[in-house]
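S.K.: Positions in the sequence shown are counted from 1; adding 1 to them yields the working numbering.
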Amino acid sequence: MTERTKENLTLTPRLQAIADRVPQGARLADIGTDHGHLPLWLLTQNRLTCAIASDLREGPLDHARDNARFHGLTDRVSFRLASGLEGIAPDECDTISIAGMGGETIAAILEAAPWTADGKHTLLLQPMTMLSQLRQWLWAHGYCIQEETVCQEGHRYYLIWTVCGGAERQDKPLEACVLSDALLRAPGAMAYLQALYARENRALSGMEQGQNTDAAMIEAQRTVVQTISRALEGLTCQL
Ligand SMILES: C[S@@+](CC[C@H](N)C(=O)[O-])C[C@H]1O[C@@H](n2cnc3c(N)ncnc32)[C@H](O)[C@@H]1O
2 MTERTKENLT LTPRLQAIAD RVPQGARLAD IGTDHGHLPL WLLTQNRLTC AIASDLREGP
62 LDHARDNARF HGLTDRVSFR LASGLEGIAP DECDTISIAG MGGETIAAIL EAAPWTADGK
122 HTLLLQPMTM LSQLRQWLWA HGYCIQEETV CQEGHRYYLI WTVCGGAERQ DKPLEACVLS
182 DALLRAPGAM AYLQALYARE NRALSGMEQG QNTDAAMIEA QRTVVQTISR ALEGLTCQL
């Protein structure tokens, strides 16, 4: 057993925004649980019927086990050492959270568990990177992004997606995946898109000034910037 001091189970705004989207009475599987704060906090609030905390690595899983022990929750959590959803059967959970990982890792985890597209599971996804690529993958594989939640911690924005399978498959070009209808409906979308516009526009300027950037890449980036700009105009008109 590793030596750790008792950790407070107060959630950061990002984890709180995810916790707020977990249905009351959920059977939750938290993938890449690390410290386990999300399932443990939800258990302390009597929000879960049962909880699985799963991680690829022993160290983070031990951290979650220690936290569960400190808070008297050991008997209420099933710990799994596994990659993605490999250690979990479809009927063990109805809600799956995958947070704090790259978009490509989240897509790989879902691809290896095609049962997540059955429409019977609520997926709460919080990608750190490759958001357009993950939206593109989800739409192409029959998942619907029902809600996007904008969360700000300091200068950094995070998006939390509520996703369900069982939708029609849609192939979209990557440039069109920089946003979604659900994002445009989200409180805080304007501030998020303004920050995204500034970042993508900087990237476009860098490409235009660069010596070796491919013309097709510049054109694709210009489309991304225009897509965000049009979305901002639309949101401004609604004010
Ligand atoms: C940055 S932490 C995020 C912890 C927590 N989910 C959060 O959002 O605060 C990422 C965790 O995901 C785990 N992880 C990375 N790839 C994984 C995979 N393929 N399957 C399961 N866990 C994975 C890592 O071991 C690490 O504990």
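A virtual CB, placed ideally from N, CA and C, is assigned to each residue, including glycine.
Output the residue ranges of the beta strand (DSSP E) runs that lie fully inside the region 88–158 and measure 3 residues or longer, sorted by chain position.
M.R.: Here the runs fully enclosed are 96–102, 123–128, 145–154.
S.K.: Rounded to a whole number of angstroms, what is the C-alpha to C-alpha distance between A113 and R77?
M.R.: Computed Cα separation, rounded: 27 Å.
S.K.: When a residue counts only if its C-beta is closer than 5 Å to some heavy atom of ligand 1, which residues count, in chain order?
M.R.: Any residue whose Cβ sits closer than 5 Å to a heavy atom of ligand 1 makes the list: G33, D35, D56, L57, R58, P61, S84, G85, A100, G101.
S.K.: Would you please state the rounded distance, in angstroms, between the beta carbons of Q137 and L185? I believe it to be under 8 Å.
M.R.: Actually they do not touch by this definition, with Cβ atoms about 17 Å apart.
S.K.: Give every residue of the same chain whose Cβ lies closer than 7 Å to the Cβ of L139, excluding the five residues on either side of it in the sequence, and list them in chain order.
M.R.: The residues are I146, V164.
S.K.: Would you mind sorting E220 into buried or exposed? The rule is 16 or more other CB atoms within 10 Å of its CB.
M.R.: Looking at its Cβ environment, which holds fewer than 16 other Cβ atoms inside 10 Å, E220 is exposed.
S.K.: Please classify D56: does DSSP put it in a helix, a strand, or coil?
M.R.: In the structure shown, D56 sits in a strand (DSSP, three-state: E or B).
S.K.: Spell out the partners DSSP gives F80 in its beta bridges.
M.R.: A54.
S.K.: Quick one: residues in its chain with C-beta nearer than 6 Å to the C-beta of E8, no 5 flanking neighbours on either side, listed in chain order?
M.R.: N68.
S.K.: Per DSSP, what are the beta-bridge partners of C165 in this structure?
M.R.: Note: C165 sits in a beta bridge opposite T123, C145.
S.K.: Return the Cβ separation of A118 and G166 in integer angstroms, given the expectation that the two are a contact with Cβ distance under 8 Å.
M.R.: At roughly 3 Å, the Cβ-Cβ gap stays under 8 Å, so A118 and G166 are in contact.
S.K.: Within the same chain, show all residues whose beta-carbon is closer than 6 Å to that of S79, passing over the 5 residues directly before and after it, in chain order.
M.R.: The residues are I53.
S.K.: What is the DSSP secondary structure of D67, counted as helix, strand or coil?
M.R.: Of the three classes helix, strand and coil, the one that applies to D67 here is helix, per DSSP.
S.K.: Note the first and the last residue of the continuous beta strand (DSSP E) segment covering L29.
M.R.: Unbroken beta strand (DSSP E) run through L29: 27–32.
S.K.: Can you list, in chain order, the residues of its chain whose CB lies under 7 Å from that of E209, leaving out five sequence neighbours each side?
M.R.: Here the set comprises I219.
S.K.: Classify S98 as buried or exposed, calling it buried when 16 or more other Cβ atoms lie within 10 Å of its own Cβ.
M.R.: Buried is the call here.
S.K.: Is L39 helix, strand or coil by DSSP?
M.R.: Helix, per DSSP.
S.K.: Does the region 83–95 touch the region 6–21, meaning 3 or more C-beta pairs lie closer than 8 Å?
M.R.: Output reads no: the region 83–95 does not touch the region 6–21.
S.K.: Alpha carbon to alpha carbon, what distance is there between K173 and L49?
M.R.: The straight-line gap from Cα to Cα measures roughly 36 Å.
S.K.: If distances are taken between C-alpha atoms only, which option among I32, Y193, L12, L43 comes closest to L82?
M.R.: The shortest C-alpha separation from L82 is found at I32.
S.K.: Ordered along the chain, which non-local residues of its own chain (more than five positions away) have a Cβ less than 6 Å from that of V226?
M.R.: Only E201, N202, L205 meet the Cβ criterion.
S.K.: Taking the alpha carbon of G101 as the point to measure from, which residue in H64, L132, G155 has its own alpha carbon closest?
M.R.: The option with the nearest alpha carbon to G101 is L132.
S.K.: Enumerate in chain order the residues of its own chain whose CB-to-CB distance from R70 is below 7 Å, with the five nearest sequence positions on each side excluded.
M.R.: Around R70: no qualifying Cβ.
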